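Per the numbering used here: the sequence shown = residues 718 to 919.
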Amino acid sequence: MKTIIQEYRWLILFNVLYLAVAAGFYSARGNFEFMAYLGVTLFIGLLILGTASKSGLDKMVLWMLSIWGFFHMLGGLLPVGDTVLYGWKIYPFIDHGGDFFILKMDQVIHFYGFMTAAIAMHQMIGKRSIAGVHPGMLIFFATMGSLGLSAVNEIIEFIAYINLEETGVGDIYNMGFDLMFNAAGALVGATWQQRRFAQALN
């Protein structure tokens, strides 16, 4: 464990700092939704750290995962106009009112997050795959793995929605767009990592 802490000390420090700041802010505001998300983020972070020596994840994707966690916490914390970062409507490519809107920062973070998850999935399965496996299979399984995590994310949001009086979880349109951006990000991430994987083999 000491070796792991030494090797990933800057990564650990970054995560500890932003989680501590977010915990102080959300507890002071009584924002139980994001306190729950913070707990999930902390659990996932500890799980990734504890398995770092066996998972095969490189430092690039570990930093990408950490940045995802950072923006997830920042999303409900940073005010932007009359909303917070997650609710920021960047540009009205599609606008039919309410949550039927593209493009929001929430969607950008979802795309980035599950792109990163797909890269991580590919790194874990690619190094353990049998020789000669078709690249499309690795892309498929990495994408599906990321989408499985995205489904877990939506389940957590649903549990928060039915148990807390007030949440930032949107309507069915918000959930649908979340899943669409998750899928797009997952496919991009898996495809990009497959290119890196193939180049490393040559």
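Just so it is clear, CB atoms sit at the ideal spot from N, CA and C, and this is done for glycine as well. Just so we're clear, the structure is a prediction, and the values are computed from it rather than from any experiment.
Please check the pair A834 and Q910, which I expect to be a contact at CB under 8 Å, by giving their CB distance rounded to whole angstroms. Translated into the one-based positions of the sequence shown, residue 834 becomes position 117. Translated into the one-based positions of the sequence shown, residue 910 becomes position 193. Contact flag wrong, Cβ pair sits at about 11 Å.
Ignore the nearest five residues each way along the sequence and tell me which others in F828's own chain have a CB closer than 7 Å to its CB. Within the sequence shown, the letter at position 111 stands for residue 828. Sequence-distant Cβ neighbours of F828 in its own chain, meaning closer than 7 Å and more than five residues away, are F898, A901, G902.
Roughly how many angstroms separate the alpha carbons of A739 and F818, rounded to a whole number? Reading the sequence shown from its first residue, position 22 is the one you call residue 739. Reading the sequence shown from its first residue, position 101 is the one you call residue 818. The straight-line gap separating the alpha-carbon atoms of A739 and F818 is approximately 28 Å.
From S744, I889, F831, residue whose alpha carbon lies closest to that of M781: Counting from one through the sequence shown, the residue named residue 781 turns up at place 64. Taking each of S744, I889, F831 in turn and checking the Cα distance to M781, the smallest one comes out for F831.
Reducing DSSP to helix, strand and coil, say where L881 ends up. As a position in the sequence shown, residue 881 is number 164, starting the count at 1. Coil at L881, not helix or strand.
Please report the distance separating the alpha-carbon of L791 from that of L802. Within the sequence shown, numbered from 1, the residue matching residue 791 stands at position 74. Within the sequence shown, numbered from 1, the residue matching residue 802 stands at position 85. For L791 and L802, the distance between alpha carbons rounds to 7 Å.
For A837, the nearest candidate out of G804, T720, A769, E750 (CA to CA): As a first step, residue 837 is located in the sequence shown; it is residue number 120 there, counting from the start. If you compare the alpha carbons of G804, T720, A769, E750 with that of A837, the shortest gap goes to A769.
If you run the structure through DSSP and keep just helix, strand and coil, what is L802? Numbered from its first residue, the sequence shown carries residue 802 at position 85. Of the three classes helix, strand and coil, the one that applies to L802 here is helix, per DSSP.
Please report the distance separating the alpha-carbon of E871 from that of M892. In the sequence shown, residue 871 corresponds to position 154, counting from 1. In the sequence shown, residue 892 corresponds to position 175, counting from 1. Pairing E871 with M892, the inter-Cα distance amounts to about 8 Å.
DSSP-derived helix/strand/coil call for F817: Mapped onto the sequence shown, residue 817 falls at position 100. The answer is coil: DSSP assigns F817 none of H, G, I, E or B.
Considering only residues of the same chain and omitting the five flanking positions on each side of V778, which have a CB-CB separation below 8 Å? For the purposes of this step, residue 778 is identified with residue 61 of the sequence shown, where counting begins at 1. Within the same chain, V778 has close Cβ partners T833, I836, A837, Q840.
Going by DSSP, which residues form a beta bridge with D812? For this step, residue 812 is matched to residue 95 along the sequence shown. Note: D812 is bridge-paired with F818 in the DSSP secondary-structure output.
Backbone CA spacing between V797 and M822 [nearest angstrom]: For the purposes of this step, residue 797 is taken as residue 80 along the sequence shown, with counting starting at 1. For the purposes of this step, residue 822 is taken as residue 105 along the sequence shown, with counting starting at 1. The alpha-carbon atoms of V797 and M822 are separated by roughly 11 Å.
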